[in-house]
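Participant: Input: one structure, supplied below.
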Amino acid sequence: MSAPPPTPESLLACAVDVARAAGAHAMANLDRRRVSIHESQHDVKLELDVECQKIAEGIIRERYPDHAFLGEEDTGATAGGTGDFQWIVDPIDGTVNFSSGFPFWCCSVAVRRGPDTLAGAVYAPELDQLYTAAANVPAQLNGNTLSVSSTASLAESIVMTGMDKNVIPEMPRYAVFRTVADHARKARILGSAALDLCRVAVGQADGYVEAGIYLWDMAAAGLIVQRAGGALEILRTLENGRLVCVATNGRIQSELVKRVAAVLPPLQVEA
Ligand code: IPD
Ligand code: CA
Numbered sequence: 000m001s002a003p004p005p006t007p008e009s010l011l012a013c014a015v016d017v018a019r020a021a022g023a024h025a026m027a028n029l030d031r032r033r034v035s036i037h038e039s040q041h042d043v044k045l046e047l048d049v050e051c052q053k054i055a056e057g058i059i060r061e062r063y064p065d066h067a068f069l070g071e072e073d074t075g076a077t078a079g080g081t082g083d084f085q086w087i088v089d090p091i092d093g094t095v096n097f098s099s100g101f102p103f104w105c106c107s108v109a110v111r112r113g114p115d116t117l118a119g120a121v122y123a124p125e126l127d128q129l130y131t132a133a134a135n136v137p138a139q140l141n142g143n144t145l146s147v148s149s150t151a152s153l154a155e156s157i158v159m160t161g162m163d164k165n166v167i168p169e170m171p172r173y174a175v176f177r178t179v180a181d182h183a184r185k186a187r188i189l190g191s192a193a194l195d196l197c198r199v200a201v202g203q204a205d206g207y208v209e210a211g212i213y214l215w216d217m218a219a220a221g222l223i224v225q226r227a228g229g230a231l232e233i234l235r236t237l238e239n240g241r242l243v244c245v246a247t248n249g250r251i252q253s254e255l256v257k258r259v260a261a262v263l264p265p266l267q268v269e270a
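Taking numbering that gives the first Met the number 0, the leading residue of the sequence shown gets 0, the next gets one more, and so forth.
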């Protein structure tokens with residue numbers, strides 16, 4: 000007889016261990032925070048990105064050898080696993096912040112079964128913040144339950160956003176930024192999509208939108224927003240895995256989605 004599937008609580012415990020271990024490695028090696036393996040105009044890939052992901056993957060593979068693994072440093076490849084559980088890891092989200100000594104960065108770990116995210120942990124070591132949620136566990140920050148804001152209109156809202164490092168017409172980052180800046184009270188860019196989403200979960204911001212992020216940027220924190228009472232929608236998914244993601248306190252969701260959808264290019268339909 001095969002073993003019963005792991006519970007969301009046990010998956011969450013593993014996600015927390017993984018996020019803490021990756022964060023601890025980054026913290027123990029702060030003297031190497033600027034050592035890069037690749038740099039471009041708007042991005043940097045660090046030795047520590049790869050090392051932290053190896054640590055994360057090692058823990059997951061030891062505990063759940065039959066689970067699949069997707070990490071940012073795999074350039075999108077899904078590795079290993081025969082079952083339908085998949086771990087999704089961004090070892091350092093906010094890499095440029097981390098590298099520059101700006102403490103707004105985190106380790107993000109989620110696990111899903113099919114389309115359903117079951118557990119997520121977002122750990123920001125330099126802020127001493129651990130955000131968690133599971134399918135049947137409320138969103139928490141350092142063990143305290145979270146809830147989203149009650150702001151009822153986009154005009155009164157703070158909306159977090161980000162700038163994709165690449166410019167592609169299907170992901171119109173300036174148009175998205177402009178519609179947010181025009182219609183929200185304030186647009187804010189802090190440089191870590193996962194921690195931006197956690198601003199929504201904790202009620203410090205009312206919404207988050209970004210065109211061009213990947214699953215590993217938002218999987219864990221997206222669940223945390225939802226379990227804090229908020230809403231999350233993926234408006235577009237490109238073949239290369241890039242997403243348009245909108246998350247809010249729920250009350251401004253339809254207004255923000257409408258504004259963002261209005262500036263996305265029409266979907267290409269095959270002839
Ligand atoms: C980036 C950050 C940033 C977002 C970018 C992401 P990285 O992730 O989350 O806030 O605007 O789209 O790629 O490269 O720091 O892991
Ligand atoms: Ca990221």
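All C-beta atoms in this analysis are idealised placements derived from N, C-alpha and C, irrespective of residue type, glycine included.
Is the stretch 179-188 in contact with the stretch 210-229, if contact means three or more CB pairs nearer than 8 Å?
Facilitator: no
Participant: Suppose you measure from the CA of Asp92 to the CA of Pro3; what does that come to, to the nearest Å?
Facilitator: In the sequence shown, counting from the first residue as 1, residue 92 sits at position 93. In the sequence shown, counting from the first residue as 1, residue 3 sits at position 4. Spanning the two alpha carbons is a distance of roughly 33 Å.
Participant: So, at 6 Å on beta carbons, what are the nonlocal neighbours of Pro124 in its own chain, with the 5 sequence-adjacent residues on each side left out?
Facilitator: Your numbering for residue 124 matches position 125 in the sequence shown. The answer, listed in chain order, is Gly22 and Met26.
Participant: May I ask whether a heavy atom of ligand 2 can be found less than 7 Å away from the beta carbon of Ala246?
Facilitator: Here the question's residue 246 lines up with position 247 in the sequence shown. Every heavy atom of ligand 2 is 7 Å or more from the Cβ of Ala246, so no.
Participant: Measuring alpha carbon to alpha carbon, tell me which of Arg111, Arg33 and Leu126 ends up nearest Ile87.
Facilitator: As a first step, residue 87 is located in the sequence shown; it is residue number 88 there, counting from the start. Closest by alpha carbon: Arg111.
Participant: Hey, how far is the Cα of Ala260 from the Cα of Thr236?
Facilitator: What you label residue 260 is simply residue 261 of the sequence shown in a count that begins at 1. What you label residue 236 is simply residue 237 of the sequence shown in a count that begins at 1. One C-alpha to the other measures close to 13 Å.
Participant: Within its chain, find whatever has a CB closer than 7 Å to the CB of Arg19; leave out the 5 residues flanking it on each side and keep chain order.
Facilitator: By 1-based counting over the sequence shown, the position of residue 19 is 20. Cβ within range, chain order: Tyr122.
Participant: CB of Ala192 to nearest heavy atom of ligand 2: below 7 Å?
Facilitator: The residue you call residue 192 lines up with position 193 of the sequence shown. In this structure, the C-beta of Ala192 approaches ligand 2 to less than 7 Å from one of its heavy atoms.
Participant: List the endpoints of the continuous alpha helix (DSSP H) containing Gln272.
Facilitator: Residue 272 lies beyond the stretch modelled for the chain, which goes from 0 to 270, so this question has no answer here.
Participant: Could you give the distance in angstroms between the alpha-carbon of Ile251 and the alpha-carbon of Ala204?
Facilitator: In the sequence shown, counting from the first residue as 1, residue 251 sits at position 252. In the sequence shown, counting from the first residue as 1, residue 204 sits at position 205. Approximately 11 Å, taken between the alpha carbons.
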